[in-house]
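*Asks:*
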Amino acid sequence: MNMKYNTNMNIRTKFDVEITHRTSTGFIGRLPSVEHLKNNGEWVDVGSRWLINQSDIIDIMDNGFKPTEL
Numbered sequence: 703m704n705m706k707y708n709t710n711m712n713i714r715t716k717f718d719v720e721i722t723h724r725t726s727t728g729f730i731g732r733l734p735s736v737e738h739l740k741n742n743g744e745w746v747d748v749g750s751r752w753l754i755n756q757s758d759i760i761d762i763m764d765n766g767f768k769p770t771e772l
C-alpha cells in the first residue's frame with residue numbers, strides 16, 4: 703500500500719485526489735478517506751477531506767475541510 707503523508711506526518715491516505723463538482727469557476731478536490739495518527743501510535747480513519755480548486759494531496763490533507771452532518 704502506497705501511503706502519502708501530510709507535512710506533519712500525522713495524517714495519511716492511500717487514495718488519489720478525486721476532482722468533483724467541476725464548473726466554469728473551479729472544482730472541488732476530494733480525498734475519499736484519510737487517517738489521523740493518535741497519541742498511542744495507532745492510525746484511525748476519520749473520513750474524507752476536500753478543498754476548493756486544489757488537487758495537491760498534501761495541501762488537501764493539511765488545509766482541507768472535513769465533512770459535516772446537519
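Residue 703 is where the sequence shown starts when you use the numbering used here, and the numbers rise one by one after that.
Ideal placement from N, C-alpha and C gives every residue a C-beta, glycine not left out.
Determine whether the beta carbon atoms of Asp764 and Thr709 lie at a separation below 9 angstroms.
*Replies:* yes
*Asks:* Using beta-carbon positions only, say whether Ile713 and Arg732 come within less than 9 angstroms of one another.
*Replies:* no
*Asks:* Report the rounded CA-to-CA distance for Phe767 versus Ile721, giving the unit in angstroms.
*Replies:* 15 angstroms
*Asks:* When we look at the beta-carbon of Val719 and count the other beta-carbons within 10 Å, is it buried (16 or more) or exposed?
*Replies:* buried
*Asks:* Since Asp747 is in the beta strand (DSSP E), which residue starts that stretch and which ends it?
*Replies:* 745–754
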